[in-house]
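Q: Input: one structure, supplied below.
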Amino acid sequence: MLQASERPNIYCETLGPDQFGIIEKPLTLAEQIYNKVWLRKVMILVVLALAWEIYGRWLDNPLLVPPFSAAVRALVTDVANGIIPTRALSSIEVLLVGFAIGTVLAGLLTVFAISSKIGTDFLDTMTAMFNPLPAIALLPLALIWFGLGNGSLIFVLVHSVTWAVSLNMLAGFRGVSTTARMVGRNYNLRGLRFVCLILIPAAFPSILAGLKIGWAFAWRTLIAAELVFGVSSGQGGLGWYIFESKNQLDIPEVFAGLLTIILIGLAVENGVFRLIEARTVQRWGMQT
Amino acid sequence: MTGGPALASKTTPETARIKPALSAPRGRAVPDSEAGRPLLDVRGVTMRYKTQAHLITATYRVSFSVLQGDRFVVVGPSGCGKSTLLKAVGGYLTPTEGEITLKGKPVTSPGPDRMMVFQEFDQLLPWKTVLENVTFPLKTTGALRGKAATDRAMQYLEKVKLADFAHSYPHMLSGGMKQRVAIARGMAMEPDILLMDEPFAALDALTRSRMQDELLSLWDETRFTVLFVTHSIPEAIKLGNRILLLSPHPGQVKAEINSVPRGEENSNEAAALGREIHEMLFADQIKKAPNASGE
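Order-wise, the sequence lines are chains A and B. The first sequence begins at 0 in numbering that gives the first Met the number 0 and counts up one residue at a time. The second sequence begins at 0 in numbering that gives the first Met the number 0 and counts up one residue at a time.
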């Protein structure tokens, strides 16, 4: 048996940084290509489109499922002759107004909620009641109150956006760490300055998530509302376009309408929200 | 059980004040103009707070005063209410009894004249770069603006050797670097007193020791007043020139003593002082456990 005292002290020389072989080497081209997120996503889309095309041709019934190419052709035609752009624009216009009002309202409600106990209770109760209530269920009432027009649409949009966004904002504000709050108070920040300079940036990941959810809710509500009561003040949106095309059995056009909604959704998600994320929460290390 | 802690005072604030210095005389000469009046005066402060089921007394009639240029360390085991006390000095909590005055004015709310350095790494605002974090309080409190604020911030970032990281975001820094930014931020405001709540407690031992050295050399440069809370006796001896000992549950003053002179934290005197402090802090617990063979 070796005794503990018999072990000698050992001293080693370490190598300098220039004496190693490979410290880092670039990945192969295939690996680099596979590492691109957007490329992988495009690949998924291509596979899905191919499956659709093959199924459509095999089924050979354009009234049920027209092939992908027919839908794309309808889309291109109606984009070229300006029908889809006008319809989309009219939808987006209403959507933006509703989304903006809903977000501002949610912001006010949340600030009210964090500044007083009664405000918290109010927002808690309101979100508990109204968040599960589908906006479409309010449409009949909205039609009576605001008539057949954009007013009703905006009303249901605001309803669908406000509760979802304020729920997330409140959760975000509540999650701001005590230390961050104490830091803000240390700087003599109070009231609205405290909210704007400390709470909103600190809660920004939640706020952004809320805005995303609100945006998706708004889209769904708008298209559904347009499908239900269709044309407003002489000019319908995308929902109405889909409804109209279905009535005339232009099924490729129905798909073209759906594709347009998807494309706009993708553009907003990847263009607007992803950009905001990259510029803010990701740069700040609040989201990986 | 050998004799009780003869050195420890009874825990009334008055007797604690009268206690003569235990080892070295008070280290540093105080400027004449400030000599008569303490910078920070804590008088008989009792802190109570409510939890769901209990009313807890965190500290009971604690008194001490901090002079200009002091490195005043509050040391005590966990549960002695030292962080609560520091938060009261910071203005976040209001004492149930007693009074805290800074330069003769009672402390009522948090303010930039008492900059806090917290233990937690998330005290830096993650949406601001290192430089912005330091300039932010300068700008929001209106102390400085524009280029002047940036210059001041850079000056203190250089002092903590982080000028190269001015444009990094906090999440890119190590724990020790984050605490250095927090210290630079506190010092850049040039507050009346810097309040430090166990700022090095979450650091590894090597980083911690280096940070202590850096803090001392910063103090040599600028002679700021600091109130430092820790549960580490060696840290208290190394950093402080004056040490306040609190007993646990609730925190009461056990003693207020001078530390060893600067740079002698490894001497025999320092070791003796450490043992003395340790004995005072844990004397009660030894008394309570009759089986323990008191040293």
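C-beta: ideal position from N, C-alpha, C; glycine also. Just so it is clear, the structure is predicted and the values come from calculations on it, not from any experiment.
1. What in chain A is Cβ-close to B:Met115, meaning under 8 Å?
2. Just to check my reading of the structure: B:Ala57 and B:Arg47 have Cβ atoms closer than 8 Å, yes? What is that Cβ distance to the nearest angstrom?
3. Determine the contact status of B:Thr224 and B:Asp196, defining contact as a CB-CB distance below 8 Å.
4. Under the three-state reduction of DSSP, which class applies to A:Tyr240: helix, strand or coil?
5. Determine whether the beta carbon atoms of A:Pro251 and A:Ala70 lie at a separation below 8 Å.
6. Starting from B:Gln178, find everything on chain A with Cβ-Cβ shorter than 7 Å and list it in chain order.
7. For the beta strand (DSSP E) that contains B:Gly329, what are its first and last residues?
8. Give the secondary structure of A:Val253 by DSSP, where H, G and I count as helix, E and B as strand, and everything else as coil.
9. Would you call the region 147-164 of chain B in contact with the region 195-208 of chain A, where contact means no fewer than 3 C-beta pairs closer than 8 Å?
10. Specify whether the region 67-79 of chain B and the region 236-256 of chain B touch according to this definition: at least 3 beta carbon pairs, one from each stretch, less than 8 Å apart.
11. Which residues mark the beginning and the end of the alpha helix (DSSP H) in which B:Val335 is found?
12. Between B:Ser167 and B:Val129, how many whole angstroms is the CB-CB distance? I'm expecting something under 8 Å.
13. Going residue by residue through the region 46-70 of chain A, where are the continuous alpha helix (DSSP H) segments of at least 4 residues, counting only ones entirely within it?
14. Return the Cβ separation of B:Thr93 and B:Thr45 in integer angstroms, given the expectation that the two are a contact with Cβ distance under 8 Å.
15. Quick one, which of A:Arg173, A:Phe172, A:Leu14, A:Leu44 has its alpha-carbon nearest A:Leu262's?
16. Could you tell me the distance, in whole angstroms, from the CA atom of B:Ser216 to the CA atom of B:Arg209?
17. For B:Pro105, collect the residues of the same chain with a Cβ closer than 8 Å to its Cβ; drop the 5 residues on either side in sequence, then sort them by chain order.
18. Just checking: is the beta-carbon of B:His166 within a distance shorter than 8 Å of some beta-carbon in chain A?
19. Note down, in chain order, every chain B residue with its Cβ under 9 Å from the Cβ of A:Pro16.
20. Leaving out five residues on either side along the sequence, give the residues of the same chain with a beta carbon under 8 Å from the beta carbon of B:Met188.
21. Which class does B:Arg47 belong to by DSSP, given the choice of helix, strand or coil?
22. Please report whether the beta-carbon of B:Asp121 lies at a distance below 8 Å from any beta-carbon of chain A.
23. On a Cα-Cα basis, can you pick out the residue from A:Glu30, A:Leu210, A:Glu243, A:Val64 that is closest to A:Thr161?
A: Concretely, from the data shown:
1. Indexing the second sequence from 1 puts residue 115 of chain B at position 116. Simply Met181, Val182, Asn185.
2. To locate residue 57 of chain B, count along the second sequence from 1; it is residue 58. To locate residue 47 of chain B, count along the second sequence from 1; it is residue 48. B:Ala57 to B:Arg47, Cβ: 7 Å. Contact.
3. Position 225 of the second sequence holds residue 224 of chain B. Position 197 of the second sequence holds residue 196 of chain B. Taking 8 Å as the Cβ cut-off, B:Thr224 and B:Asp196 do not qualify as a contacting pair.
4. The residue labelled residue 240 of chain A in the question sits at position 241 within the first sequence. Here A:Tyr240 sits in helix by DSSP.
5. For the purposes of this step, residue 251 of chain A is identified with residue 252 of the first sequence, where counting begins at 1. For the purposes of this step, residue 70 of chain A is identified with residue 71 of the first sequence, where counting begins at 1. Result yes, Cβ atoms of A:Pro251 and A:Ala70 sit closer than 8 Å.
6. Here residue 178 of chain B corresponds to residue number 179 of the second sequence, with the count starting at 1. The CB of B:Gln178 never comes closer than 7 Å to any CB in chain A; the least such distance is about 13 Å.
7. Residue 329 of chain B lies beyond the range of chain B shown here (0 to 294); nothing can be said about it.
8. On the first sequence, position 254 is the one that residue 253 of chain A refers to. Helix, per DSSP.
9. no
10. yes
11. Nothing in the structure corresponds to residue 335 of chain B, since chain B is present only between 0 and 294.
12. On the second sequence, position 168 is the one that residue 167 of chain B refers to. On the second sequence, position 130 is the one that residue 129 of chain B refers to. Yes, B:Ser167 and B:Val129 are in contact; Cβ-Cβ is about 6 Å, under 8 Å.
13. Whole alpha helix (DSSP H) segments, 4+ residues: zero.
14. On the second sequence, position 94 is the one that residue 93 of chain B refers to. On the second sequence, position 46 is the one that residue 45 of chain B refers to. Not quite, the Cβ-Cβ distance comes to about 11 Å (not below 8 Å), so this is no contact.
15. Position 263 of the first sequence, counted from the start, is the residue given in the question as residue 262 of chain A. Minimum Cα distance to A:Leu262 is reached at A:Leu44.
16. Walking along the second sequence from the start, residue 216 of chain B turns up at place 217. Walking along the second sequence from the start, residue 209 of chain B turns up at place 210. Spanning the two alpha carbons is a distance of roughly 11 Å.
17. Mapped onto the second sequence, residue 105 of chain B falls at position 106. So the qualifying residues of the chain are Glu98, Ile99.
18. Within the second sequence, residue 166 of chain B is the residue found at index 167, counting from 1. Chain A, which has no Cβ nearer than 8 Å to the Cβ of B:His166, makes this no.
19. Here residue 16 of chain A refers to the residue found at position 17 when the first sequence is read from its first residue. Those within 9 Å of A:Pro16 in chain B number zero; the least Cβ separation is about 20 Å.
20. Here the question's residue 188 of chain B lines up with position 189 in the second sequence. Pro111, Met114, Pro136, Leu137, Thr140, Ala142.
21. Here the question's residue 47 of chain B lines up with position 48 in the second sequence. Three-state DSSP puts B:Arg47 in a strand.
22. Position 122 of the second sequence, counted from the start, is the residue given in the question as residue 121 of chain B. Taking Cβ atoms only, chain A reaches closer than 8 Å to B:Asp121, which makes this a yes.
23. Position 162 of the first sequence holds residue 161 of chain A. The option with the nearest alpha carbon to A:Thr161 is A:Leu210.
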